[in-house]
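Chemist: Using numbering that gives the first Met the number 0, read the sequence shown as starting at 0 and increasing by one per residue.
One structure coming up, written as structure tokens, with questions to follow.
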Amino acid sequence: MKALVYHGPGQKAWEDVPDPTILKPTDAIVKIDTTTICGTDLHILKGDVPAVTPGRILGHEGVGTITEVGSAVTDLAVGDRVIVSCVSACGKCDFCKKGVYSHCQADEGAPGIGWIFGHLIDGTQAELVRVPFAETSLYRVPEGVPDELAVLISDILPTGHEIGVRYGAVSPGDVVAVVGAGPVGLAAITTAALYGPSRVIAVDLDANRVEQAKRFGATDGVVSSDADWKEQVFALTDGLGVDVAIEAVGVPATWDMSLEIVRPAGHVANVGVHGKPVTFKLDEKWIENLTITTGLVNTNTSPMLIKLLAQGKLDVAGFVSHHYALSDILDAYETFGNAAETKALKVVLTA
Numbered sequence: 000m001k002a003l004v005y006h007g008p009g010q011k012a013w014e015d016v017p018d019p020t021i022l023k024p025t026d027a028i029v030k031i032d033t034t035t036i037c038g039t040d041l042h043i044l045k046g047d048v049p050a051v052t053p054g055r056i057l058g059h060e061g062v063g064t065i066t067e068v069g070s071a072v073t074d075l076a077v078g079d080r081v082i083v084s085c086v087s088a089c090g091k092c093d094f095c096k097k098g099v100y101s102h103c104q105a106d107e108g109a110p111g112i113g114w115i116f117g118h119l120i121d122g123t124q125a126e127l128v129r130v131p132f133a134e135t136s137l138y139r140v141p142e143g144v145p146d147e148l149a150v151l152i153s154d155i156l157p158t159g160h161e162i163g164v165r166y167g168a169v170s171p172g173d174v175v176a177v178v179g180a181g182p183v184g185l186a187a188i189t190t191a192a193l194y195g196p197s198r199v200i201a202v203d204l205d206a207n208r209v210e211q212a213k214r215f216g217a218t219d220g221v222v223s224s225d226a227d228w229k230e231q232v233f234a235l236t237d238g239l240g241v242d243v244a245i246e247a248v249g250v251p252a253t254w255d256m257s258l259e260i261v262r263p264a265g266h267v268a269n270v271g272v273h274g275k276p277v278t279f280k281l282d283e284k285w286i287e288n289l290t291i292t293t294g295l296v297n298t299n300t301s302p303m304l305i306k307l308l309a310q311g312k313l314d315v316a317g318f319v320s321h322h323y324a325l326s327d328i329l330d331a332y333e334t335f336g337n338a339a340e341t342k343a344l345k346v347v348l349t350a
């Protein structure tokens, strides 16, 4: 088959690789019909995720059709149309029983790490993918939901919802700032609306993304290159700062910005994947009663989000800005990696 293979920082190739095979009775093989590119893939290519070694097939999002199942798989069948979850869950360990699938203790990939696709095992930017723990890591696609929307359940919608909105404890009446209006930031903005905030402020360097965010639930936008960006944010609160700051980029500057705009007793929910250390001035901040959260998505809210998507309660069709054939994935990476110029949001690839 063909797949996108990582060959070290800055190096990738669309090349021939062996087809995946069933290795364990709980596996399934899925023919990828639709996949996409994540900001995390860009972090990998920058060398920010050293656990990804040369030779790894990238990608952790996908929608496809089951072509083969292991002998222990009874709830899924060949021909089922499924969403591949970015986090794999054995369903049996202590963490999985608590819904903390991100720290699944199974030995697939590495114990304690639920994100294995395109990280510790071969991923979904390929014509076929082996899916471990198929019954607890695949979700059937509801009738009427197109692939390009279903693929958003693989990662960005549960990530923005769980690690941004839920960990940030967004509550009715809150003022929420989402720092970074890329796909995951937009997912946080969209799902924040489920909890009744009074304002959702999109903050980004890219004026286009700030404007786009208003299509998905942002009530206000601030371009962070403006000299008075912070004053603009505070003017949208009672002058004390936002109740919840969601960091959705993963660089020191946006971490610092989030801490600058959150009010005392507020929440800072870090969603971004950081490749460098950041500073936290505990000698200044200890007195502010802040709650700081971090996390890898668990995908434990994916079933709920799938229901909302099927019922038309999540207006996310506009997330997809560009379409490519899977074989044109190198061009798709170029587009997604230069989003400021191309105005890319989510790039979808179809086999």
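We put the beta carbon where it would ideally sit given N, CA and C, even for glycine.
Fair warning: this is a prediction, and the values are worked out from it, not measured in the lab.
The alpha helix (DSSP H) spanning VAL232 covers which residue range?
Modeler: Here the alpha helix (DSSP H) through VAL232 covers 228 to 234.
Chemist: Which whole-angstrom value describes the C-beta separation of ALA252 and GLY271, a residue pair presumed to lie in contact below a C-beta threshold of 8 angstroms?
Modeler: For a cut-off of 8 angstroms, the C-beta gap from ALA252 to GLY271 is around 11 angstroms, too long to register as a contact.
Chemist: Decide yes or no for the touch test of the stretch 163 to 183 against the stretch 105 to 112: beta carbon pairs closer than 8 angstroms, at least 3 of them.
Modeler: no
Chemist: Please report the straight-line C-alpha distance between LEU127 and VAL81, rounded to a whole angstrom.
Modeler: Computed Cα separation, rounded: 13 angstroms.
Chemist: Between the Cα of SER224 and those of VAL130, HIS273, VAL199 and MET256, spot the shortest distance and give me the residue it belongs to.
Modeler: The shortest C-alpha separation from SER224 is found at MET256.
Chemist: Closest by CA to THR334, which one among LEU22, CYS37, ASP15 and ALA27?
Modeler: CYS37
Chemist: If you run the structure through DSSP and keep just helix, strand and coil, what is ASN297?
Modeler: coil
Chemist: With distances taken from CA atoms, which of ALA2, CYS103 and LEU348 is nearest PRO17?
Modeler: ALA2
Chemist: So, using beta-carbon positions, are ALA125 and ILE43 closer together than 7 angstroms?
Modeler: no
Chemist: Locate the beta strand (DSSP E) running through THR33, then write down its first and last residues.
Modeler: 27 to 35
Chemist: Let me check one thing: in DSSP terms, what residues is GLU14 bridge-paired to?
Modeler: ALA2
Chemist: Give the DSSP-derived three-state secondary structure of SER257 in the structure shown.
Modeler: Helix at SER257.
Chemist: Looking at the structure shown, is LEU193 part of a helix, part of a strand, or coil, going by DSSP?
Modeler: helix
Chemist: Taking all protein chains shown into account, decide if HIS266 is buried (16 or more other Cβ within 10 angstroms of its Cβ) or exposed.
Modeler: buried
Chemist: In its own chain, which residues sit with a C-beta less than 7 angstroms from the C-beta of VAL77, not counting the 5 before and 5 after it?
Modeler: ILE65, THR66, GLU67 and VAL68
Chemist: To the nearest angstrom, how far is it from the Cα of THR293 to the Cα of CYS89?
Modeler: 23 angstroms
Chemist: Could you spell out the range, first to last residue, of the alpha helix (DSSP H) harbouring LEU75?
Modeler: In the DSSP annotation of this structure, LEU75 is not part of any alpha helix (DSSP H), being labelled neither H nor E.
Chemist: Enumerated in chain order, which unbroken segments of the beta strand (DSSP E) with a length of 3 residues or greater are wholly contained in the stretch 35 to 118?
Modeler: As for any beta strand (DSSP E) of minimum length 3 sitting wholly inside the stretch 35 to 118, the runs are 61 to 68 and 80 to 83, ordered along the chain.
Chemist: Sort GLU14, LEU304, ALA186 and TRP285 by Cα distance to LEU344 and report the nearest one.
Modeler: ALA186
Chemist: Reducing DSSP to helix, strand and coil, say where THR292 ends up.
Modeler: strand
Chemist: Taking the C-alpha atoms as reference points, what is the distance between ALA192 and GLU14?
Modeler: 42 angstroms
Chemist: Do three or more CB pairs link the stretch 294 to 311 to the stretch 152 to 165 at distances below 8 angstroms?
Modeler: yes
Chemist: Roughly how many angstroms lie between the CA atoms of ALA206 and GLY220, to the nearest whole one?
Modeler: 9 angstroms
Chemist: How would you label ILE354, buried or exposed, when you count the other beta carbons within 10 angstroms and need 16 or more for buried?
Modeler: Nothing about residue 354 can be read from this structure; the chain reaches only from 0 to 350.
Chemist: With distances taken from CA atoms, which of LEU281, ILE291, GLN211 and THR300 is nearest ASP242?
Modeler: Nearest option by C-alpha distance: ILE291.
Chemist: Short of 6 angstroms in beta carbon distance, which residues of its chain neighbour GLY172, apart from the five on each side in sequence? Order them along the chain.
Modeler: SER197
Chemist: Measure the Cβ-Cβ separation of THR298 and VAL86 and say whether it is below 7 angstroms.
Modeler: yes
Chemist: Please list the terminal residues of the continuous alpha helix (DSSP H) segment that includes TYR332.
Modeler: 328 to 336
Chemist: Let me check one thing: in DSSP terms, what residues is LYS345 bridge-paired to?
Modeler: VAL319
Chemist: With the cut-off set at 7 angstroms, would you say LEU313 and VAL144 are in Cβ contact?
Modeler: Not closer than 7 angstroms, so no.
Chemist: If you draw a straight line from the C-alpha of PRO263 to the C-alpha of GLY238, how long is it?
Modeler: 12 angstroms
Chemist: Would you report the Cα separation of LYS275 and THR73, rounded to the nearest angstrom?
Modeler: 44 angstroms
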